[in-house]
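The structure appears below as structure tokens.
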Amino acid sequence: MSYRNPVPTVDIIIELVDRPQRPIVLIERRHPPYGWALPGGFVDYGESVETAAQREAQEETNLQVELIEQFQVYSDPNRDPRQHTLSVVFLATAQGNPTAQDDAKDLGIFELWQLPSPLCFDHDRILRDYRHYRHYGIRPRLLT
């Protein structure tokens, strides 16, 4: 018997704590779908989501991140045009100067109210939820 299951991924909202306003790091994707995105990627077989988040952050931004908390899981079947994925989103902090690596064509440091366009996947929703959480302390509502 064969099963079709969503593919697990991670996304990381990285705040640079050594800069005023604690801006976040976004990458410009080298491969389709093109646009700006949170650092992240697929969880490897045998790897925890926490390890995957730290690895993906390092691979794409050259930053060693400290995972602060698991923020939310996003699982809309249409969130990724390539296939059905679910993403465990982490909040993380880092210091230093990130550089674009691996799947990142470019990298930018952005204030939450000045985000680039277009954002890939459902990252506009994730960042809207995060902005609301950061400013009001209210987590996203679960969809039913």
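Take the sequence shown: its letter number 62 is residue 50 in the numbering used here, and every next letter is one higher.
Where a beta carbon is used, it is the ideal one built from N, C-alpha and C, also for glycine.
query                                                                                                                                    : result
How is the beta strand (DSSP E) around THR(-3) delimited, first residue to last?                                                         : -5 to 4
Cβ atoms of ASP(-1) and GLU48: under 8 Å apart, would you say?                                                                           : no
Here's the rule I'm using: 16 or more other beta-carbon atoms within 10 Å means buried, otherwise exposed. How should ASP75 be labelled? : Asp is not the amino acid found at residue 75; the sequence shown has Ser there. Buried, since its Cβ has 16 or more Cβ neighbours within 10 Å.
Please name the residue in ALA40, ARG7 and ARG116 whose C-alpha comes closest to that of LEU81.                                          : The identity of residue 81 in the sequence shown is Thr, whereas the question assumes Leu. Cα-wise, what sits closest to THR81 is ARG7.
Give me the Cα-Cα distance between LEU103 and ILE56, rounded to the nearest whole angstrom.                                              : 22 Å
For GLU44, name the three-state secondary structure that DSSP assigns.                                                                   : helix
Does any residue of chain C bring its CB to less than 8 Å from the CB of GLU38?                                                          : The structure shown contains no chain C, having only a single protein chain.
Just to confirm before moving on: does the CB-CB distance between ILE114 and LEU51 stay below 8 Å?                                       : no
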